[in-house]
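Listed in order, the protein sequences are those of chains A and B.
Count along the first sequence from 1, add 46, and you get the number used in this note's numbering.
Count along the second sequence from 1, add 6, and you get the number used in this note's numbering.
Cβ coordinates follow ideal geometry from the N, Cα and C atoms, glycine included.
Computed from a predicted model, the values in this text were never measured in an experiment.
Take a look at the structure below.
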Amino acid sequence: DAGITQSPRYKITETGRQVTLMCHQTWSHSYMFWYRQDLGHGLRLIYYSAAADITDKGEVPDGYVVSRSKTENFPLTLESATRSQTSVYFCASSPTSKPDTQYFGPGTRLTVL
Amino acid sequence: AQRVTQPEKLLSVFKGAPVELKCNYSYSGSPELFWYVQYSRQRLQLLLRHISRESIKGFTADLNKGETSFHLKKPFAQEEDSAMYYCAPSNAGNNRKLIWGLGTSLAVNP
Numbered sequence: 047d048a049g050i051t052q053s054p055r056y057k058i059t060e061t062g063r064q065v066t067l068m069c070h071q072t073w074s075h076s077y078m079f080w081y082r083q084d085l086g087h088g089l090r091l092i093y094y095s096a097a098a099d100i101t102d103k104g105e106v107p108d109g110y111v112v113s114r115s116k117t118e119n120f121p122l123t124l125e126s127a128t129r130s131q132t133s134v135y136f137c138a139s140s141p142t143s144k145p146d147t148q149y150f151g152p153g154t155r156l157t158v159l
Numbered sequence: 007a008q009r010v011t012q013p014e015k016l017l018s019v020f021k022g023a024p025v026e027l028k029c030n031y032s033y034s035g036s037p038e039l040f041w042y043v044q045y046s047r048q049r050l051q052l053l054l055r056h057i058s059r060e061s062i063k064g065f066t067a068d069l070n071k072g073e074t075s076f077h078l079k080k081p082f083a084q085e086e087d088s089a090m091y092y093c094a095p096s097n098a099g100n101n102r103k104l105i106w107g108l109g110t111s112l113a114v115n116p
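Listed below in structure tokens is the structure:
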């Protein structure tokens, strides 16, 4: 489980500020994912990445930006945070050999005031 | 559209009682199906996948293609089973992506 980490674990910010959530994995998994978890909505995919420099939108990408310059890192940036982006954010990774099995980070609880 | 439904938001049972968490999916083709679990203060983790036909922590799940269901069952619930359970079929067009249900919160009472 220590193979995928997220930072910070908790973040409070204000509307309009830029926030970056970090995700790091040590397994060299090809695929990485960002989800948000909200009551009544379950897990919703924001963005995913098949490899370094390859990213694609998920269900709810608006207001978010991702990058993947290195295989092990997949940061998620909220360019101008809004209250509706208050959520718990989970990063996950998936190995090539088991494409459907995702390994999750511990989550980041983000509050936008 | 591909959808997965977990009809119970909350399921409460007593210790030692059987438990069944329901999952129905609407799908074309043959998806891979998974159950993930999130214990309190822990990260989401894979519980089992139907292709493995395994029993994990006493849980089993049978794929019923006719009913398009993948219910999770355990004959004797334990208090440590209390958690949030998510059913997640793989996306038919892209098996790297999972379609997530809204989850069922299981509470096992002493």
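{"query": "Which residues does DSSP list as the beta-bridge partners of residue 18 of chain B?", "result": "B/113"}
{"query": "In the DSSP assignment, the beta strand (DSSP E) including residue 64 of chain A goes from what residue to what residue?", "result": "Premise fails: residue 64 of chain A is in no beta strand (DSSP E) and is neither H nor E."}
{"query": "What does the alpha-carbon distance come out to for the pair residue 58 of chain B and residue 116 of chain A?", "result": "32 Å"}
{"query": "Just grab the DSSP bridge partners of residue 87 of chain B for me.", "result": "BP columns for residue 87 of chain B are empty, so no partner."}
{"query": "When DSSP labels each residue in this structure, what does residue 129 of chain A get in the three-state scheme?", "result": "helix"}
{"query": "Under 8 Å, with one C-beta from each stretch per pair, do the region 133-140 of chain A and the region 74-83 of chain B reach the 3-pair mark?", "result": "no"}
{"query": "Quick one: grab the DSSP three-state call for residue 77 of chain B.", "result": "strand"}
{"query": "Quick check: is the beta carbon of residue 94 of chain A nearer than 8 Å to any beta carbon in chain B?", "result": "yes"}
{"query": "Would you kindly work out how many angstroms separate the C-alpha atoms of residue 47 of chain A and residue 100 of chain A, rounded to a whole number?", "result": "Annotation note: pLDDT 49 at residue 47 of chain A (below 50); position unreliable, coordinate value reported separately. Taking the straight line from one Cα to the other gives about 25 Å."}
{"query": "Which same chain residues end up closer than 6 Å to residue 62 of chain B when comparing Cβ atoms and leaving out the 5 residues on each side of it in sequence?", "result": "53 and 54"}
{"query": "For residue 87 of chain B, count neighbouring Cβ atoms within 10 angstroms of its own Cβ and tell me buried if that reaches 16, exposed if not.", "result": "buried"}
{"query": "Any beta carbon from chain A within less than 8 Å of residue 84 of chain B's own beta carbon?", "result": "no"}
{"query": "Give me the subset of the region 122-153 of chain A whose CB atoms are less than 9 Å from a CB atom of chain B, sorted by chain position.", "result": "136, 138, 140, 144, 145, 146, 147, 148, 149, 150, 151, 152 and 153"}
{"query": "Is it right to say residue 60 of chain B is buried, meaning 16 or more other beta carbons lie within 10 angstroms of its own, or is it exposed?", "result": "exposed"}
{"query": "Just grab the DSSP bridge partners of residue 70 of chain A for me.", "result": "A/51 and A/119"}
{"query": "Grouping DSSP H, G and I as helix and E and B as strand, with all else coil, what is residue 32 of chain B?", "result": "strand"}
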